[in-house]
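Heads up, the thing below is written out as structure tokens.
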Amino acid sequence: NKGPIIYSCPYRLCSQIKMNQDKDTYPPFLLKAKAFLSLNGILGFSILFNLCILFNIFPQSRFYALTSYIFVRLLLPCGAFGCEHKDGAPWRYFSEHLLPFGAILRSYLNFSFKLPPKEFVEQEALPNAQFVFATFPHGCGAEYRILMDGVMQNVMPNIIAKNNLRTLAASVLFYIPIVRELSLWTSCINASRGTAENALDNGRSLVVLPGGEIEQIMTQYGKEKIYLSKRKGFVKLAMRKNVSVVPMYVFGCSDYFVTSEFLVGFRYKLVKSLGVCIPFCFGLLGSICPLPKTTTIVMGKPLKFEMAGSDPTAQELDEAHALFTKELISLFDEHKASLGYGDRNLEVM
């Protein structure tokens, strides 16, 4: 017996006892084709669109691309330039119903949330509920993040009903047309410290992926690796704002792509010196479409860290970080066997 699972397709809350869960989803050929074409089609269109703007690769292509982009920005709720440093421009209806590949990929990956612990359910129902959702692992591209946003209303209905959820995302995403809009519409804001603090001050809850670019590079097919030992900023942020931290683990995302260690040392240097991440990974037919792996997100109990003053001391921060790490490992160990990962251990780097 695998326990109750919240299913994300279709868009409604339901629970079911799921037996003998497999890491592979074995989707039918038509669903595979839809997933492959939708993701690679979006990527191809985005690349072509931005090349037209940058290099005018066809006669008058820059004019038409810019004109269409301005028209879309005027017609749809794209948010003002710079809104990623404020409250963003979330568009819940788009995230839940209009995202071109959302429903397709959620079915393709058998995407689901396991029922959260009762402690979270009780606290989330309170009028001023607020959390920092620390999510691991990042994976090669955090593809689950955009899919997750479209079903959060099933897991945290109170927070979503008040439009109080934001996700911290890398600054570079907001400089690329189309990618920018997809990020904003699915609740992303800039991952700077000031933006995160303002969001919490305004009562928002935050989804954070602390592993970042380093964790993208270290992702390895068939292994569960996270970069956490030096990532204490999210814990410090939560302590300073007196907000609980909820550990979350995404089973399946480490196996979305076959990975390569080619030039891994050079790529680490790029991340550390320039903040540029180049993961070498290959999905379905070598594309950016993930391999069909069952994806299940599990949540731990909310963790409230105590401190004496307005800022945590180094010892208080270290103790809180150690407690979070312990709880995340426990969360992984609690669910790994039932979800098909009993042969794996969580490597904390």
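Using our numbering, the first residue of the sequence shown is number 254, and each one after it goes up by one.
The beta carbon of each residue, even a glycine, is placed where N, CA and C say it ideally should be.
Computed from a prediction, not measured in an experiment: that's the story for all the values here.
Query, Result
"CA-CA distance, K476 and G562?", "40 Å"
"Pick out the complete beta strand (DSSP E) segments inside the stretch 418-448, 3 residues or longer, and give them in chain order.", "418-422, 441-443"
"Taking 8 Å as the cut-off, does the stretch 418-428 touch the stretch 532-547 (at least 3 CB pairs, one atom from each stretch)?", "no"
"Between V385 and L459, how many whole angstroms is the CB-CB distance? I'm expecting something under 8 Å.", "5 Å"
"Keeping to the same chain, check which residues put their C-beta closer than 7 Å to that of C542; ignore five residues upstream and five downstream.", "A288, F289, L292, N293, G536"
"Please name the residue or residues paired with K478 in a DSSP beta bridge.", "E600"
"At which residue ranges does the stretch 512-561 contain complete alpha helix (DSSP H) runs of 4 or more residues, listed in the order of the chain?", "517-527"
"Out of curiosity, what's the CA-to-CA distance linking I413 and W344?", "11 Å"
"Tell me A387's beta-bridge partners as DSSP assigns them.", "V461, P500"
"Would M492 pass as a contact of A387 if the rule is Cβ separation under 8 Å?", "no"
"Kindly indicate which three-state DSSP category D277 falls into: helix, strand or coil?", "strand"
"Tell me whether the stretch 466-483 and the stretch 433-446 touch, counting them as touching only if at least three CB pairs, one residue from each stretch, are closer than 8 Å.", "no"
"Would you give the residue range spanned by the alpha helix (DSSP H) that N303 belongs to?", "282-308"
"Suppose contacts are defined by Cβ-Cβ distances below 8 Å. Is P430 in contact with N303 by that definition?", "yes"
"Please report the distance separating the alpha-carbon of L266 from that of N407.", "Any answer about L266 is weak, because its pLDDT of 32 lies below 50 and its placement is not dependable; what the coordinates show is given next. The straight-line gap from Cα to Cα measures roughly 5 Å."
"In the DSSP assignment, find the alpha helix (DSSP H) that holds R484 and state where it starts and stops.", "Note, R484: premise wrong, no alpha helix (DSSP H); not H, not E."
"To the nearest angstrom, report how far apart C506 and R359 are at their CA atoms.", "13 Å"
"So is L516 buried or exposed if we call it buried at 16+ other beta carbons inside 10 Å?", "exposed"
"Rounded C-beta distance between F504 and Y397? I'm assuming under 8 Å.", "Their Cβ separation, rounded to whole angstroms, is 10 Å, which puts F504 and Y397 out of contact at 8 Å."
"Enumerate in chain order the residues of its own chain whose CB-to-CB distance from K579 is below 7 Å, with the five nearest sequence positions on each side excluded.", "none"
"Which same chain residues end up closer than 8 Å to R457 when comparing Cβ atoms and leaving out the 5 residues on each side of it in sequence?", "D340, Q383, N417, L418, R419"
"What's the C-alpha gap between N411 and E572?", "31 Å"
"So is M602 buried or exposed if we call it buried at 16+ other beta carbons inside 10 Å?", "exposed"
"Buried or exposed for F577, going by 16 or more other Cβ atoms inside 10 Å?", "buried"
"Rounded C-beta distance between G392 and E466? I'm assuming under 8 Å.", "Their Cβ separation, rounded to whole angstroms, is 12 Å, which puts G392 and E466 out of contact at 8 Å."
"Is it right to say A318 is buried, meaning 16 or more other beta carbons lie within 10 angstroms of its own, or is it exposed?", "buried"
"Taking the alpha carbon of E514 as the reference point, which residue from P565, I470, Y322 has its own alpha carbon closest?", "I470"
"Using the Cα positions of L462 and K276, report the straight-line distance between them to the nearest angstrom.", "23 Å"
"Between E372 and P555, is the Cβ-Cβ spacing less than 8 Å?", "yes"
"Report yes if the CB atom of K557 is closer than 8 Å to the CB atom of Y509, and no otherwise.", "no"
"In the DSSP assignment, find the unbroken alpha helix (DSSP H) run with M401 in it and report its ends.", "396-402"
"With a CB to CB cut of under 8 Å and the five nearest residues on each side skipped, what residues in its chain are close to Q274?", "Unreliable placement is indicated for Q274, whose pLDDT of 44 sits below 50; the coordinate value is still reported in the next sentence. Around Q274: K255, T547, T549, S591, L592, G593."
"Among the candidates D402, M560, Q313, whose CA atom is the shortest distance from the CA of S365?", "D402"
"How about P370 and G553: do their beta carbons lie closer than 8 Å?", "yes"
"With a 10 Å radius around its C-beta and 16 neighbouring C-beta atoms as the bar for buried, classify E204 as buried or exposed.", "The requested residue 204 does not occur in the structure, where the chain is confined to residues 254 to 602."
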